[in-house]
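Below: the structure, in structure tokens.
Number of protein chains: 2
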Amino acid sequence: MPGRPRNGARPRLTVLRIGHRPGRDPRLTTHVALTARAFGAERMYLHPPDPSLAHRIASVARRWGGGFQVLPADDWRRLVRDHRGHVVHLTMYGEPLDRAVSRLRGLGSVLVVVGGAKVPPALFELADFNVAVGAQPHSEVAALAVFADRVFGPAPIARFRHARRRIVPQPHGKRVIALDAAESPS
Amino acid sequence: MPGRPRNGARPRLTVLRIGHRPGRDPRLTTHVALTARAFGAERMYLHPPDPSLAHRIASVARRWGGGFQVLPADDWRRLVRDHRGHVVHLTMYGEPLDRAVSRLRGLGSVLVVVGGAKVPPALFELADFNVAVGAQPHSEVAALAVFADRVFGPAPIARFRHARRRIVPQPHGKRVIALDAAESPS
Numbered sequence: 001m002p003g004r005p006r007n008g009a010r011p012r013l014t015v016l017r018i019g020h021r022p023g024r025d026p027r028l029t030t031h032v033a034l035t036a037r038a039f040g041a042e043r044m045y046l047h048p049p050d051p052s053l054a055h056r057i058a059s060v061a062r063r064w065g066g067g068f069q070v071l072p073a074d075d076w077r078r079l080v081r082d083h084r085g086h087v088v089h090l091t092m093y094g095e096p097l098d099r100a101v102s103r104l105r106g107l108g109s110v111l112v113v114v115g116g117a118k119v120p121p122a123l124f125e126l127a128d129f130n131v132a133v134g135a136q137p138h139s140e141v142a143a144l145a146v147f148a149d150r151v152f153g154p155a156p157i158a159r160f161r162h163a164r165r166r167i168v169p170q171p172h173g174k175r176v177i178a179l180d181a182a183e184s185p186s
Numbered sequence: 001m002p003g004r005p006r007n008g009a010r011p012r013l014t015v016l017r018i019g020h021r022p023g024r025d026p027r028l029t030t031h032v033a034l035t036a037r038a039f040g041a042e043r044m045y046l047h048p049p050d051p052s053l054a055h056r057i058a059s060v061a062r063r064w065g066g067g068f069q070v071l072p073a074d075d076w077r078r079l080v081r082d083h084r085g086h087v088v089h090l091t092m093y094g095e096p097l098d099r100a101v102s103r104l105r106g107l108g109s110v111l112v113v114v115g116g117a118k119v120p121p122a123l124f125e126l127a128d129f130n131v132a133v134g135a136q137p138h139s140e141v142a143a144l145a146v147f148a149d150r151v152f153g154p155a156p157i158a159r160f161r162h163a164r165r166r167i168v169p170q171p172h173g174k175r176v177i178a179l180d181a182a183e184s185p186s
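Residue numbers (this note's numbering), protein chains in the order written: chain A, 1 to 186; chain B, 1 to 186.
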């Protein structure tokens, strides 16, 4: 059975971001990608593709560790249909996260789809779950972060292997240490 | 004592967004503002001010309810210094949210400061708490959402009084009802 979780294992989290607008300010999609990475996703598919954004994210991932990648999604519908696991669409119109969370925690491989303002109606039918992080308009970045935090918890440290730098948390000020790849958490 | 919580009361949440770039794509700051509203903030101060963004957010708040406003912050340092309550700066360099969360839950009136890529070093000293939502680079939108969700929980329904429209959650598809202001949750 596709997507069945091993006992106690963290599900595999993949993000699909649709409705990107290449040529406009890329910061919003950059934030979606960095949030996906920081909250434990292995990769993010992007529709329409944007090689220059993918390149910039790859450079962040090299610096801060892990193998996170932004991959092109020319045909997002096929990606959704072919996903071996469950598809969760984050939308303010869906069922409340609170109500869905226990079912979501039991899933195996999860493809989370986040759109912009205009999402194709077909997505609501293609998704196994349409989940709302609050029934108010806000942000796909916020929705993705809270969803991943509540359903999966903190990203495993192994997601950020072979980092070249690491933050040492401080109550005041900044402290960052440079690492040889060999010293980084494994 | 400023900022002391009444028993069991939800703290007052105010957001200060610094490092906005008027004239560039306003979507990122729009997402910060909508996230602040959806997660229960009463208002967001914006530096530098952006009247046209404030106007657009006011129109969303009229439609979806509540009195959330974006207010100009000409002098953000004074705003931080004069805040009657505690100041929490969200930064990837700060102490982990997990470690700070129990102290944060006891606060009264909280001013949460979120910046962009370049935050003035003074902010780290001015803030009572520098809090990290994960020690990885991601997004001020994601950090604000997870912080508010973990520390304060869902926004009280009263935040969205006098809405003109309300979502009826659906497992598949969209359903929005139009309301007279009188019918809206109070």
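Note that the Cβ used here is the ideal one computed from N, Cα and C, for glycine as well.
Bear in mind the structure is a predicted one, so any value in this text is a computation, not a measurement.
On a Cα-Cα basis, can you pick out the residue from the options that is closest to residue i?
{"i": "A/Leu179", "options": "A/His172, A/Arg164, A/Pro171", "result": "A/Arg164"}
{"i": "B/Gly23", "options": "B/Ser102, B/Pro49, B/Arg99", "result": "B/Pro49"}
{"i": "A/Val110", "options": "A/Leu28, A/Pro121, A/Ala36", "result": "A/Ala36"}
{"i": "B/Phe68", "options": "B/Pro51, B/Arg81, B/Gly116, B/Glu42", "result": "B/Glu42"}
{"i": "A/Ala127", "options": "A/Arg27, A/Thr30, A/Asp82", "result": "A/Asp82"}
{"i": "A/Tyr45", "options": "A/Arg10, A/Ile157, A/Thr14", "result": "A/Thr14"}
{"i": "B/Arg56", "options": "B/Asp75, B/Thr29, B/Leu79", "result": "B/Thr29"}
{"i": "A/Gly173", "options": "B/Gly173, B/Pro120, B/Ala58", "result": "B/Pro120"}
{"i": "B/Arg10", "options": "B/Arg78, B/Met92, B/Gly106, B/Leu79", "result": "B/Gly106"}
{"i": "A/Ala122", "options": "A/Trp76, A/Gly65, A/Ala148, A/Glu95", "result": "A/Trp76"}
{"i": "B/His162", "options": "B/Gly65, B/Arg27, B/Pro51, B/Ser52", "result": "B/Gly65"}
{"i": "A/Glu125", "options": "A/Arg21, A/Leu90, A/Asp25, A/Pro26", "result": "A/Leu90"}
Which two residues bound the contiguous beta strand (DSSP E) that contains residue i?
{"i": "A/Arg165", "result": "165-167"}
{"i": "A/Pro96", "result": "86-96"}
{"i": "A/Leu111", "result": "110-114"}
{"i": "A/Pro156", "result": "Where A/Pro156 is concerned, there is no enclosing beta strand (DSSP E), given that its DSSP letter is neither H nor E."}
{"i": "A/Val70", "result": "69-72"}
{"i": "B/Ala132", "result": "129-132"}
Could you round the C-beta distance between residue i and residue j to whole angstroms and report it? I think they count as a contact, below 8 Å.
{"i": "A/Leu34", "j": "A/Ala73", "result": "18 Å between Cβ atoms; not a contact."}
{"i": "A/Lys118", "j": "A/Gly19", "result": "7 Å"}
{"i": "A/Leu97", "j": "A/Ala132", "result": "7 Å"}
{"i": "B/Val114", "j": "B/Glu140", "result": "4 Å"}
{"i": "B/Leu144", "j": "B/Val32", "result": "7 Å"}
{"i": "B/Val146", "j": "A/Val112", "result": "Actually they do not touch by this definition, with Cβ atoms about 15 Å apart."}
{"i": "B/Phe129", "j": "A/Gln136", "result": "Contact flag wrong, Cβ pair sits at about 26 Å."}
{"i": "A/Gln170", "j": "B/Gly116", "result": "Not a contact, Cβ separation roughly 20 Å."}
{"i": "B/Met92", "j": "A/Ile167", "result": "6 Å"}
Using the beta-carbon of each residue, which ones in chain B are nearer than 7 Å to residue i?
{"i": "A/Val146", "result": "Ala145, Val146, Asp149"}
{"i": "A/Thr14", "result": "Residues of chain B passing the Cβ test: none, with the nearest at roughly 17 Å."}
{"i": "A/Ile167", "result": "Met92, Tyr93, Ala135"}
What residue range does the alpha helix (DSSP H) around residue i cover?
{"i": "B/Ala178", "result": "Note, B/Ala178: premise wrong, no alpha helix (DSSP H); beta strand (DSSP E) at 176-178."}
{"i": "B/Arg12", "result": "B/Arg12 -> no alpha helix (DSSP H), and no H or E assigned at all."}
{"i": "A/Leu123", "result": "122-126"}
{"i": "A/Val146", "result": "140-151"}
{"i": "A/Leu46", "result": "Segment 43-46 is the beta strand (DSSP E) holding A/Leu46; no alpha helix (DSSP H) there."}
{"i": "A/Ala36", "result": "27-38"}
{"i": "B/Leu107", "result": "Unbroken run through B/Leu107: none, as it is neither H nor E."}
{"i": "A/Asp82", "result": "76-82"}
Could you tell me which chain A residues have their CB closer than 8 Å to the CB of residue i, listed as they occur along the chain?
{"i": "B/Gly198", "result": "The displayed coordinates of chain B run from 1 to 186. Any statement about residue 198 of chain B would go beyond what the structure contains."}
{"i": "B/Arg27", "result": "Asp25, Arg27, Leu28"}
What in chain A is Cβ-close to residue i, meaning under 7 Å?
{"i": "B/His172", "result": "Phe124, Glu125, Asn130"}
Show which residues of chain A have a CB atom less than 9 Å away from the CB atom of residue i.
{"i": "B/His31", "result": "Leu28, His31, His138, Ser139, Glu140, Val141, Ala142"}
{"i": "B/Leu34", "result": "Gln136, Pro137, His138, Ser139, Ala142"}
**Request:** Below 7 Å between beta carbons is the criterion; list the residues of the stretch 106-129 of chain B that meet it against any residue of chain A, in chain order.
**Result:** Residues of the stretch 106-129 of chain B that bring their beta carbon within less than 7 Å of a beta carbon in chain A comprise Phe124, Glu125, in sequence order.
**Prompt:** For the stretch 83-99 of chain B, which residues have a beta carbon sitting closer than 7 Å to at least one beta carbon of chain A?
**Reply:** Result list: Met92, Tyr93, Gly94, Glu95, Pro96.
**Asked** Name the residues in the stretch 51-76 of chain B whose C-beta lies less than 7 Å from a C-beta of chain A; which are they?
**Response** Cβ contacts with chain A come from Val60, Trp64.
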